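Below you'll find the structure, written out as structure tokens, and then a few comments.
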Amino acid sequence: MKIITRSILALMLTAGLVLTAGPSSFAQEGSDAKAASDAADSGASEKKAELAREYLELTHQLATAEAIAMAVGSQIIRQRPESKLDVEDAAEAVAPKFEDQVNEMNEQVVAVYTKRFTADELQTMVDFHKEFNASAAGKKLQAENEEIAREMGDISRVRGVVIGGEVYRALVDELSAREQPVESPE
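Here full-length UniProt numbering is used: the first residue of the sequence shown is 1, the next is one more, and so on.
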């Protein structure tokens, strides 16, 4: 809110300078207008970023270091099912070391949305998801989301590797048939 207030003050100040300026002041008018425009853009950009963050939170697309550590820990357990590792405590211990990196990554994700959507579009997306999340279906999806993601990850890991290998071999064969041989990484 402070950024928006500063933007309005900058615009008012610039407008006042233009109205009271004499002929010798017009050379400075362009730089004052540019500063006011930059201040207004900064306020609008921050509003878009806030809306993008809210949308990403509502749709569970922002990462946390702890969630990443837990996911990696779960992967370790799947690779070593015989071990009795206490991943949860270990994840909580290492997560703080990665908070800055995760926050930087999240800001890059926010930027993906702010460059593609206007503030009005982002607001519509936020409103839609708030309404959906309040519905019975939205509440059920939120309750089931973690389990759905886990199952989808399992499917992707197993089937994705097999399909990916088959697609790779088919592409190599197709390129070779077109006289564009691909050397095998093996």
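Just so you know, even glycine gets a beta-carbon here, dropped at the ideal spot from N, CA and C. All values reported here derive from a predicted model rather than from experimental measurement.
* To do: Could you tell me whether the Cβ atoms of Leu141 and Tyr55 are closer together than 9 Å?
  => Not closer than 9 Å, so no.
* For Ser83, which of helix, strand or coil comes out of DSSP? -> It is coil, neither helix nor strand.
* To do: Select from Val109, Glu179, Ile163 and Gly153 the residue whose C-alpha is nearest the C-alpha of Lys48.
  => Comparing Cα positions, the closest option is Val109.
* If you draw a straight line from the C-alpha of Arg150 to the C-alpha of Leu62, how long is it? -> Here the alpha carbons of Leu62 and Arg150 stand approximately 17 Å from one another.
* So, are the CB atoms of Gln101 and Ala44 less than 9 Å apart? -> Note that the C-beta distance between Gln101 and Ala44 is not below 9 Å.
* What's the C-alpha gap between Ser74 and Tyr113? -> The C-alpha of Ser74 lies about 30 Å from the C-alpha of Tyr113.
* Take Ala71 as the anchor and find which of Ser176, Glu92 and Glu131 has the nearest alpha-carbon. => Ranking Ser176, Glu92 and Glu131 by CA distance to the CA of Ala71 puts Glu92 first.
* **Span of the alpha helix (DSSP H), counted from its first residue to its last, around Ser135** => Per DSSP, Ser135 lies in no alpha helix (DSSP H) segment and is marked neither H nor E.
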